[in-house]
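Below: the structure, in structure tokens.
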Amino acid sequence: MKSKDETRYGLLNMWSQKTKFNNICPQPITTRIDQRKCNPARNNPKTSPTLFASSFIYITPSLRLIITLESPIDKSDVILYLISGMAETTTKNGLNPNTAAALSYLVGFITGIYFFLTSKDKYVRFHALQSSITSVGFMVLNAVLSTVGLYSLTSLVGLVSLILFIYMIVQAYQGKKFKLPVIGDLAEKNA
């Protein structure tokens, strides 16, 4: 037999899929609805679609809206409350911009290209493009050094690139727009 919470989650999971609430707030939150904002006249089942909910709304990391089933609240009140409370923007994949910008440096040009193509946020696109150009630049430099026969410098270039990418990950995660000379200007123009 399912517990009360499992049953409640199952019902609300189905309800959230029917009402397309899945993408309203991609960040996991717990918030409180002010019952005074709900208009009792609109809670009539004949005139308005009513959702039975207590004063708590939960949005899980899997993007499912969970509302406890105790008192009537109009669905439009829930939607307006959630939309008005969303201060932080998110990328297409649900990450906040600082996290997406930091992740764009993680695997060099691969994650850089991914976040450049999937994000519309200029901050994320800047860091993604800067990451891609920088990592390709280091790869070309290593190839040239190897071709010329300066193998000892390739390990030094690798160490410098590792330190630089760690520094840029930290800067991007903290919300700072750290621009590399020449590459940063190019990335900013095309972001």
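When you read off a place in the sequence shown, starting at 1, and then add 7, the result is the number in the numbering used here. Cβ atoms here follow ideal geometry from the backbone N, Cα and C, with glycine treated the same way. This structure is a prediction, so every number in the text was calculated from the model and none was measured.
Query                                                                                                  : Result
Proximity of A194 and F116 at Cβ, strictly below 9 Å                                                   : no
Local Cβ density within 10 Å of S108, reported as buried at 16 or more and exposed below that          : In the sequence as displayed, the identity of residue 108 is Ala instead of Ser. Counting Cβ neighbours within 10 Å, A108 comes out buried, since at least 16 surround it.
Through-space distance from L187 to L157, alpha-carbon basis                                           : 25 Å
Nearest-angstrom Cα separation, counted from T154 out to V164                                          : 14 Å
Span of the alpha helix (DSSP H) around G182                                                           : Looking at the DSSP string, G182 is not in any alpha helix (DSSP H), and its letter there is neither H nor E.
Same chain only: Cβ atoms within 7 Å of T141, ignoring 5 sequence neighbours per side                  : L187, I190
Contact under 9 Å by Cβ, L113 with L102                                                                : no
As assigned by DSSP and simplified to three states, the class of V114                                  : coil
Contiguous alpha helix (DSSP H) assignments of at least 4 residues, all confined to the region 118-165 : 129-155
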